[in-house]
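Asker: First residue of the sequence shown? That's 86 in my numbering, and the numbers climb one at a time after it. We put the beta carbon where it would ideally sit given N, CA and C, even for glycine.
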Amino acid sequence: MSAPTPAQDKALALPDRGLRSLTQALAQREISAVDLAGAFLQRLEAAQPTLNSCITLDRERSLQEAAAADALLGGSEDAKAAARAAATTAAGPGGQGALPGGLIGALAGIPVLHKDIFCAEGWRTTCGSRMLENFVAPYDAGVISRFKAAGTVSLGRANMDEFAMGSTNEHSFFGAVRNPWDLQRVPGGSSGGSAAAVAAGLAPAATGTDTGGSIRQPAAWCGVSGIKPTYGRVSRFGMIAFASSLDQGGAFARSADDLALLLDVMAGHDTRDSTSVLRQDGAFSASLGQDVRGLRVGVPKEWFGTGLGAGVGAAVQTALDQLQALGCELVAVTLPASAQAIPAYYVIAPAEASSNLSRFDGVRFGHRAAEYHDLNELYERSRGEGFGAEVKRRILIGSYVLSHGYYDAYYLQAQKVRRLIADDFARAFAGCDLIAGPVTPGSAFALGSNSSDPTAMYLADIYTIPVNLAGLPAMSVPAGFDQGLPVGLQLVAPWWQEGRLLQVAHAYQRATDWHQRRPPAFSGAAA
Ligand code: GLN
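#1: Is G473 close to ligand 1? I mean its beta-carbon at under 7 Å from any heavy atom of the ligand.
#2: What whole-angstrom Cβ distance do G177 and R357 have, given they're in contact under 8 Å?
#3: Could you check if F389 belongs to the surroundings of ligand 1, using beta carbon to heavy atom distance under 7 Å?
#4: Following the continuous beta strand (DSSP E) through Q575, name the residue where it begins and the one where it ends.
#5: If you check the beta carbons only, do G396 and F220 fall under 8 Å apart?
#6: May I have the straight-line CA-CA distance separating A424 from R128, to the nearest angstrom?
#7: By a C-beta neighbour count over all protein chains shown, 10 Å radius and 16 as the cutoff for buried, is A611 buried or exposed?
#8: To the nearest angstrom, how far is it from the Cα of G490 to the Cα of I480?
#9: Who are the near neighbours of A422 in its chain, counting only those whose CB is closer than 6 Å to its CB and skipping five residues on each side?
#10: Is D546 near ligand 1, with its Cβ less than 7 Å from a heavy atom?
#11: Which residues in the same chain as V577 place their Cβ atom closer than 7 Å to its Cβ, once the five residues preceding and following it in sequence are excluded?
#12: Could you give the residue range of the beta strand (DSSP E) that holds D567?
#13: Could you give the distance in angstroms between the alpha-carbon of R602 and the alpha-carbon of L148?
#14: Could you have a look at P605 and say whether DSSP puts it in helix, strand or coil?
#15: Closer than 7 Å by C-beta to A154: which residues in its own chain qualify, once you throw out the five before and the five after it? Chain order, please.
#16: Determine the extent of the alpha helix (DSSP H) in which K233 is found, giving its start and end residues.
#17: Let me know the beta strand (DSSP E) ranges lying completely inside the region 280-350, each 3 residues or longer, listed in chain order.
#18: With distances taken from CA atoms, which of G527, A426, Y543 and T549 is nearest G565?
#19: Please tell me whether A338 and V283 are closer than 8 Å, where the distance is taken between their beta carbons.
#20: Looking only at its chain, what residues have a beta carbon closer than 8 Å to the beta carbon of S440, apart from the 5 residues adjacent to it on each side?
#21: Given S467, which residues of its chain have a CB within under 6 Å of its CB, disregarding the five upstream and five downstream residues?
#22: Is it the case that the Cβ atoms of D349 and L188 are separated by a distance below 8 Å?
#23: Take the Cβ of D497 as the centre, count every other Cβ of all protein chains shown within 10 Å, and call the residue buried at 16 or more, exposed below.
#24: Would you kindly check if the distance between the Cβ of L346 and the Cβ of L586 is under 8 Å?
#25: Alpha carbon to alpha carbon, what distance is there between D538 and S214?
#26: Please go through the same chain and pick out, in chain order, the residues whose beta-carbon is closer than 7 Å to the beta-carbon of L198, but skip the five residues on each side of it.
#27: Unbroken beta strand (DSSP E) runs of length 3 or more, entirely within the region 477-558: which are they?
#28: Skipping 5 residues on each side, what residues in its chain have a beta carbon closer than 6 Å to that of I325?
#29: Give the secondary structure of A352 by DSSP, where H, G and I count as helix, E and B as strand, and everything else as coil.
#30: Determine the burial state of Q181: buried for a count of at least 16 other Cβ atoms within 10 Å of its Cβ, exposed for fewer.
#31: Secondary structure at L405, three-state DSSP: helix, strand or coil?
#32: Any contact between the region 316-334 and the region 423-438? By contact I mean 3 or more CB pairs, one from each, below 8 Å.
#33: Quick one: residues in its chain with C-beta nearer than 6 Å to the C-beta of R449, no 5 flanking neighbours on either side, listed in chain order?
#34: Could you check which residue in D267, G190 and A122 has the C-alpha nearest to that of P604?
#35: Following a CB-centred definition, is F203 positioned closer than 7 Å to any heavy atom of ligand 2?
#36: Shortest alpha-carbon distance to T525 belongs to which of F445, T315, V401 and S372?
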């Protein structure tokens, strides 16, 4: 690893300014995309032995992308044509959801770290699994095409729990990720590498996915901002499937302002994802400045009962008071079916996972056992070797609840509970504009503390999972500390109201500075 050049040093001094001003500095050619990417790569490489936030770093490939961004910034016609082609690809064949002209090149030169779940042409895409240890994606996910069209530079591939199953990142085949606030603690999961990298200043932005909390929970535990959009807002094409009716791509960044710019690019229709929705709204960054006075913020009483840790509860209460001081009106709401959310999720998600993961058979994708005598043994050995313990546990549960004789008792019942949960939110939103509360009951677990007790790990998702079951958009924003560890405030809005979420989060971040705090070991120029 080489020492930073003076140009990279200059670029290193910029990241804390946020994406808007980085974009400006790039457009005015104060810095080049190559220097900016080089500066962040330097940080990622240096922190890799400590944090393990990445599965793959490919300096050459990233710098090639950065050179292409520099060409785009310099007005090259070839580069513009390539960006326009990526914009169209993002919509799928015959699609109407191409990235709007105004967004082509809008984030040119901005480095983004991608969760290793989004297929990206030419990049190794492992999904945190031995099963895909050597899989190089032959095409781009819808999300990746959109980021390409916007001119962003891929910094590498973020570590994650295997197939996005987990809340700690300890289920990655490529090793655990550490929390930059305390190296003896987990960053959360499953998008732990993305959250840890943004928190430590190794990347200005990162992608993630959220099936039951995997963006919001690591965002909360690492002290960064994260958004999980409405189900159907962001294309799932090329995003390796865990539980298809719940999975949704989203992003991590330091502020709501940055997230709005990222979501402007990520959101859009894709004909290759049958649950992607064609909508005319967007331009989330435009909703940011609006006044929040008079907005009614619902506070669910079930989210503040026993089980909520005192430190987290106190920080969230202070955040609610702050929203009130900004002119929001706090109203009590109730989500009675929330208590059944975890059992319903741990039937539905494994059921879908068991079906989705059947494609990894040692024949078509990924790992194949070296020795086998017949086809069954090829399947058994390849899957036995390729999948880790948590993934196997979920496949077993999923196959069981879908099996003849149990389907009605478990799967159908869970779907009914899912409906009750969605109805709860609909009733609550009749009396409020958004909902606010904790993201998790406590702050980051100690490494290894839940490895032998999956149920304890599952229970930490109590406030995030109901939101996925209802398909709603939600955010986590930094809201203080619990004994030195970050705490997140969760905001949930009705379907398609990401703009409102971002508006409130932005107003909150203008009044507070929690989102600007840095882990001591990674703050300052040395980070
Ligand atoms: N922690 C949850 C699980 O293990 C959620 C994971 C996710 O959102 N991908 O399933």
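Answerer: Concretely, from the data shown:
#1: Position 388 of the sequence shown, counted from the start, is the residue given in the question as residue 473. Not under cutoff, so the answer is no.
#2: By 1-based counting over the sequence shown, the position of residue 177 is 92. By 1-based counting over the sequence shown, the position of residue 357 is 272. Right, the Cβ-Cβ distance comes to about 4 Å (below 8 Å), so this counts as a contact.
#3: In the sequence shown, counting from the first residue as 1, residue 389 sits at position 304. Incorrect: F389 has no Cβ contact closer than 7 Å to ligand 1.
#4: Residue 575 sits at position 490 when you count from the first residue of the sequence shown. Residues L570 to V577.
#5: Along the sequence shown, read from residue 1 onward, the residue named residue 396 stands at position 311. Along the sequence shown, read from residue 1 onward, the residue named residue 220 stands at position 135. No. Outside cutoff.
#6: The count along the sequence shown starts at 1 and reaches residue 424 at position 339. The count along the sequence shown starts at 1 and reaches residue 128 at position 43. Each residue's alpha carbon lies about 42 Å from the other.
#7: Here residue 611 corresponds to residue number 526 of the sequence shown, with the count starting at 1. Model confidence at A611 stands at a pLDDT of 40, short of 50, so the residue's coordinates are unreliable and nothing is read from them.
#8: On the sequence shown, position 405 is the one that residue 490 refers to. On the sequence shown, position 395 is the one that residue 480 refers to. If I take the Cα positions, the gap works out to 18 Å.
#9: As a position in the sequence shown, residue 422 is number 337, starting the count at 1. Excluding residues up to 5 positions away in sequence, L505, I506 and D509 lie with their Cβ nearer than 6 Å to the Cβ of A422 in the same chain.
#10: Start at 1 with the first residue of the sequence shown, and residue 546 comes out as number 461. Correct: D546 has its Cβ closer than 7 Å to ligand 1.
#11: The sequence position of residue 577 within the sequence shown is 492, counting from 1. Excluding residues within five positions, the ones whose Cβ falls inside 7 Å are L519, I520, V552, L557 and A559.
#12: Looking up residue 567 in the sequence shown gives position 482. That run of the beta strand (DSSP E) goes A559 to D567.
#13: Numbered from 1 along the sequence shown, position 517 holds the residue referred to as residue 602. Numbered from 1 along the sequence shown, position 63 holds the residue referred to as residue 148. Spanning the two alpha carbons is a distance of roughly 29 Å.
#14: For this step, residue 605 is matched to residue 520 along the sequence shown. Residue state, collapsed to three classes: helix.
#15: In the sequence shown, counting from the first residue as 1, residue 154 sits at position 69. A118, A193, G194, G236 and V238, listed in sequence order.
#16: By one-based count along the sequence shown, residue 233 stands at place 148. Per DSSP, K233 belongs to the alpha helix (DSSP H) from G227 to A235.
#17: 290-294, 310-313 and 334-338
#18: Here residue 565 corresponds to residue number 480 of the sequence shown, with the count starting at 1. Cα-wise, what sits closest to G565 is G527.
#19: In the sequence shown, residue 338 corresponds to position 253, counting from 1. In the sequence shown, residue 283 corresponds to position 198, counting from 1. Yes, the Cβ-Cβ distance between A338 and V283 is below 8 Å.
#20: Residue mapping note: residue 440 aligns to position 355 of the sequence shown, counting from 1. Excluding positions up to five away in sequence, the list reads G483 and L487.
#21: Stepping through the sequence shown from its first residue, residue 467 is reached at position 382. So the qualifying residues of the chain are G447, H452, R453 and A454.
#22: For the purposes of this step, residue 349 is taken as residue 264 along the sequence shown, with counting starting at 1. For the purposes of this step, residue 188 is taken as residue 103 along the sequence shown, with counting starting at 1. Contact flag set, yes.
#23: Taking the sequence shown and counting its residues from 1, one reaches residue 497 at position 412. Before going further, note that residue 497 is Leu rather than Asp in the sequence given. With fewer than 16 Cβ atoms within 10 Å of its Cβ, L497 is classed as exposed.
#24: Position 501 of the sequence shown, counting from 1, holds the residue named residue 586. Position 261 of the sequence shown, counting from 1, holds the residue named residue 346. Contact flag unset, no.
#25: The residue you call residue 214 lines up with position 129 of the sequence shown. The residue you call residue 538 lines up with position 453 of the sequence shown. So the two alpha carbons sit approximately 21 Å from each other.
#26: Along the sequence shown, read from residue 1 onward, the residue named residue 198 stands at position 113. Hits under 7 Å: L240, G241, A243, S279, A282, A288 and A291.
#27: Whole beta strand (DSSP E) segments, 3+ residues: 519-523.
#28: Position 240 of the sequence shown holds residue 325. Hits under 6 Å: I202 and C212.
#29: Stepping through the sequence shown from its first residue, residue 352 is reached at position 267. DSSP places A352 in strand when its eight states are reduced to three.
#30: In the sequence shown, the residue the question calls residue 181 occupies position 96. So Q181 counts as exposed.
#31: The residue labelled residue 405 in the question sits at position 320 within the sequence shown. In the structure shown, L405 sits in a helix (DSSP, three-state: H, G or I).
#32: yes
#33: Translated into the one-based positions of the sequence shown, residue 449 becomes position 364. For R449, where only same-chain residues beyond five positions count, there are no Cβ hits under 6 Å.
#34: Position 519 of the sequence shown, counting from 1, holds the residue named residue 604. The shortest Cα separation from P604 among D267, G190 and A122 belongs to D267.
#35: This structure lacks ligand 2; its bound ligands are ligand 1.
#36: Along the sequence shown, read from residue 1 onward, the residue named residue 525 stands at position 440. The candidate whose alpha carbon is nearest that of T525 is V401.
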